[in-house]
Amino acid sequence: MPTAPQTTDELYQALQENDARPYGRTRTVTAEELVDAAEQFAEPLPLVHALLELQEAYTYGSEPRKSPVVFARLLTLFDEQPDVFDDRLRHLLFWRFKWVGHALRQLPEIPLASLRQWLTEMRDRYEKADLGLQPYYGQAYQLAAHVGQDTTPAYELWAGRTRTRLSDCEACEICERALYHLAAGDDERALGTWEPVLAGKESCQEEPARSVSYALLPLLRTGRTDRARELHLAGYRSCRRNPSMSQEVARHLEFCALTGNEARGLELLAENRILFDEVDSPLDQLGFLTGVEVLLQRVESLGHGELPAAGYAGRTWTVAGLRAEVRGRADDLAARFDARNGTTAHTDRRRARLERAPLLDALELTLRTRALDDVAPVAAPVARTADAAPESLPELIVHARNLDEQGHPDAQACWARLRTLVTARDYTHPDDPAVGPLVRLRADLLADEASRAGEKDEFAVAAELHEEAAGLYDDAGEPGHAALSRACALLAGAEGADGAEAKAAALTAAHTSMVGLHEGTPDLAPFQEARLLRLRATVLGLRLQASRSDEHVAPVFAEVDQLLAFTTRHDLAGQISGALLLRTSTYALSGDLPAAVTEIDALLDRLKAQGPAWHLPRTLGLRGRLQLVGQDAQAAHADLTEALRLAADWPADAVDTARLHGDLAEACMHLGRPDEALRHLTRSAELELRRGSRTDAFCTYSNAANLTLDLGRVEDCIALLDSLLAEPDVAAGELDDRLLAQLRLTRARALHTGEDLKAATAEFVALAAESAGWDDDPGSHVMIAAETAVLLGESGEFGRAREAAGQALAAHARAPRYEQLSNCLRELARLQAQQQGQDGLADALSFLADAGRIADEARAADYETHGRSLDSALAYEHGRVNAYAGEYEDALAALEKALTLLGEPAGDDDHAGEWAECVRLAGAVEGLYLERPAPALTRLDAAVSRLTALGHTEEIEPLASLAARLRDEE
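Using our numbering, read the sequence shown as starting at 5 and increasing by one per residue.
Next up, the structure:
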């Protein structure tokens, strides 16, 4: 807190601001400072308010040791100066007796006798104040349930009593009743009791998040897996990273562990790492640590004890190491509670959780379903025939080189294995002429590493590594390999150029240098010369792709013909296939789709007859893409599906399985199969992520998230984006800031769609502030600021909404976004008039005046809208805004103008719905509010006749319904 409040008004303002903060250390520390500030004032009332705020911060900040101390001060003030407490403060005071009871139960150092003494104090106080005792019996039951003794009679004494004003809220009491049935082993009755809370009919600050976390396993046990999945996604979001809900988080971790989602469990554990250190309540610690142990125990039992895990700060943890630490701490806590209570209840409950067997082998919880192998450090790719690789080092080196000469995908696994051997401290290079010197092997490994970097579009890194490899090949006396590495470096360097024109120029220069390199390197082996020829053709093919210039087509065909002639003469099957694939691509790039299809059909026939088999997936993938261009989505789907089937035999990177999944997603969308498309998009993204192409992966995931939102799967969308935003490189700020903003923007829209207005608005406000600095992209700022303004308007914060709209208007002056901004301003006007009526009319009309200027600008710029006419939409909004404010004559005049601008609909007119709505609202204003039913009915009847004649039956019902109402009221 910058400065302490000097007046009571400043104190109350500071308390109000602190109340808006989320629970946690910042809010708690501020509350402590405000209590200190309140003590300077002579009157006690400010101190009462400050102490109430502080107790709330301690209670919901999971600091139970401090809550009773604060309450003792409040109780003393009440006893000494009861007149200070008005009805509201008195109600709060007696309500918080329950908070103290809850806090004391969480502390094993508090004797059981003291807990019962507190209950007696509560009963005596309630009786003296003539308050009903149902809340007291509720606390007595909760203590009995905690201790594990006399639970049934305590439950009956509480549950059978009539609720009072001081009873826990309906949602909390429903949860307690359901837990009683759950403890008795009656899942069905527990779930039936919970239903009003799980359905969202009853809620409070802790509910439904608490009930949801308990209901997950009963839902699974009773076969309601879809409901469990749905509630897990929504419920986890409500409790994550919240110290006062650490036990709820733990039950979500347990749910993941028992449904085959151990990898997601570890991800959620990492997201909640702060709970290891920020949860002060021993009872909450016990519940949290037990849930964590259930997860870690499951992961370790599956053979992944050495995976990294997020745990206590100050050191790194493995799953096995953290499990041992957690087990020791949780066992001690359970023993302390049982010693205090004189029972074994907590040890028994903990044991029961740890002994639960998995309920499902696999339940797809999120779109980003991953196994533990996927979260392990990336291992060497496993070759399709790994058992065929030689065991002896010399044979392995020779084998890797032979595979590499063929372009065989299994070479990757061999190089990875050799890399591990060579980097070991005890490595001794074989003295074998067939193997050559160590410097040659190091060059081979560098060349392979450079190729992997190029596949991830890390062109500068690839070029540097290729050059380094070339130098080592020179040292090893291998000029042919050195020339190949230098040619690869030229290609990588050219691919890294920015802009199409610069890239085309760089590729032209690279080709010239390659030709010189080729001509200047004598005695090349056939496979080396074929590779150089293919690099020459590739670089010209990439130039054509960058320039799309007709003059660049013939040089590509010339190089491909030269490559094909050479490879045919030397019978190099892999390079022949590569040449034919290049020729197909060139036909496609030059716009000759029939020739490309003919060429690729012949290539596929050749590959099926002569191989190499690993070229089939890529070739089928290319034919699938050509069919998509030719608008034959069904054929594309068939080819791409077959390509994926064949790709399963080879390492994913070698056959670009990620690309196949992405293309198949596009085919599915053309065929109207969005759910299938979504599966392929997420698989494509995960494969890209695994191979290190993180930017491509996040772009694909962004597309998947938008598709998910379009499908109405809001919680899936949010869960997917939360998972992505928790990735270490994203959290560290290493992802491209615009791509990160796009992910956050989609998440904010999903939150809004899911009616979490507070969270959505906070994210939009943050994004608007960041995008204000995007000087190179003011158009995006218009869009974000406009959406932010609307959300602020929905929240009733019209002052801030006006500021955001002002930002959008300023950015619009640099990058016009007529339609988006007009929509925003009209919606703000509607919201303000709807919420504030006559009091908000002036500000609402101000928004519409701005929208009018935007419409004028659009008209002057000859802008064609993609949706409604800006002028007719503006006139309609003038009508609606004036109607909300009670200015009915002005409203009717505006609607008449809108109808004139729209004109009567025609048979194939797409604005019939907009016209019918204008007629409906005009009829309502005229007939209901201006009490002129006759002309209103004339208007409505004419519109119904017109729409009926045109066949617009859907638009008729609202008009006919209003007309019937007007006739009934005549």
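The C-beta atom is built at its ideal place from N, Cα and C for all residues, glycine as well.
Asked                                                                                                                                                                                     : Found
Given a cut-off of 8 Å, decide if Glu646 and Leu624 are closer than it, judged by their beta-carbon atoms.                                                                                : yes
Tell me which residue opens and which closes the alpha helix (DSSP H) that Lys132 is part of.                                                                                             : Leu116 to Lys132
With contact counted as at least three CB pairs below 8 Å, one residue from each stretch, are the segment 738-754 and the segment 401-417 in contact?                                     : no
Closest to Thr904 by C-alpha separation, out of Ala877, Val929 and Asp914, would be which residue?                                                                                        : Ala877
Could you tell me the alpha carbon to alpha carbon distance between Ala8 and Leu19, rounded to whole angstroms?                                                                           : 12 Å
Using only CA atoms, which one of Ser71, Arg353, Arg547 and Ala964 lies nearest to Ser589?                                                                                                : Arg547
Are there 16 or more other CB atoms within 10 angstroms of the CB of Tyr316, so buried, or fewer, so exposed?                                                                             : exposed
For Thr263 versus Leu367, is the C-beta distance shorter than 8 Å?                                                                                                                        : yes
Could you pull out every unbroken alpha helix (DSSP H) segment of at least 4 residues lying fully inside the segment 578-622, listed in chain order?                                      : 597-614
If Gly105 and Gln143 are in contact, beta carbons under 8 Å, what's the gap, nearest whole angstrom?                                                                                      : 5 Å
Figure out for me which residue from Leu813, Asp609 and Leu537 has the closest Cα to the Cα of Leu586.                                                                                    : Leu537
Please specify which runs of the alpha helix (DSSP H), each continuous and at least 4 residues long, are wholly inside the segment 270-351, giving them in chain order.                   : 279-282, 286-305 and 323-345
So for Ser873, helix, strand or coil by DSSP?                                                                                                                                             : coil
Sort Gly164, Thr166 and Leu221 by Cα distance to Leu186 and report the nearest one.                                                                                                       : Leu221
Going by beta-carbon coordinates alone, are Ala334 and Leu293 separated by less than 8 Å?                                                                                                 : yes
Determine the DSSP secondary structure at Gln977, reduced to helix, strand or coil.                                                                                                       : Given that the chain is displayed from residue 5 to residue 974, the structure contains no residue 977 and the question cannot be resolved.
List, from N- to C-terminal side, the alpha helix (DSSP H) runs of 4 residues or more that fit wholly inside the segment 376-449.                                                         : 376-379, 397-410 and 415-426
Restricting to Cα atoms, I'd like to know which of His915, Thr957 and Asp894 is closest to Val929.                                                                                        : Asp894
On a CA-only basis, which of Thr11, Ala61 and Leu668 is nearest Val33? Give me that one, please.                                                                                          : Ala61
Under 8 Å, do Ser215 and Cys243 count as touching if we go by C-beta distance?                                                                                                            : no
What's the C-alpha gap between Gln153 and His350?                                                                                                                                         : 12 Å
For Arg971, does the three-state DSSP call read helix, strand or coil?                                                                                                                    : helix
Residues in the same chain with beta-carbon distance under 7 Å from Arg231, minus the five sequence neighbours each way, listed in chain order, please.                                   : Leu223
Quick check on DSSP: helix, strand or coil for Asp780?                                                                                                                                    : coil
Could you check if Val633 is buried or exposed, using at least 16 other CB atoms within 10 Å of its CB as the buried criterion?                                                           : exposed
Assuming Leu233 and Leu369 form a contact by the criterion Cβ under 8 Å, report the distance between their Cβ atoms to the nearest whole angstrom.                                        : Here residue 233 turns out to be Arg, not Leu, going by the sequence shown. Indeed they touch by this definition, with Cβ atoms about 6 Å apart.
With H, G and I counted as helix, E and B as strand and the rest as coil, what does DSSP make of Arg663?                                                                                  : helix
For the alpha helix (DSSP H) that contains Thr34, what are its first and last residues?                                                                                                   : Arg29 to Ala42
Can we say the segment 687-703 touches the segment 711-727, given the rule of at least three CB pairs closer than 8 Å?                                                                    : no
Taking C-alpha atoms, which residue in Ala846, Asp172, Asp288 and Gln416 lies nearest to Gln138?                                                                                          : Asp172
State the Cα-Cα distance for the pair Glu861 and Pro820, rounded to the nearest angstrom.                                                                                                 : 9 Å
Report the residue from Arg374, His641 and Leu300 whose alpha carbon sits nearest the alpha carbon of Leu358.                                                                             : Leu300
Could you check whether the segment 829-838 touches the segment 880-899, counting it as contact only if at least three pairs of C-beta atoms, one from each stretch, sit closer than 8 Å? : yes
Pick helix, strand or coil for Leu224, following the three-state DSSP scheme.                                                                                                             : helix
What is the residue span of the alpha helix (DSSP H) that His106 lies within?                                                                                                             : Phe101 to Arg109
Under a three-way DSSP split, which group does Phe561 fall into?                                                                                                                          : helix
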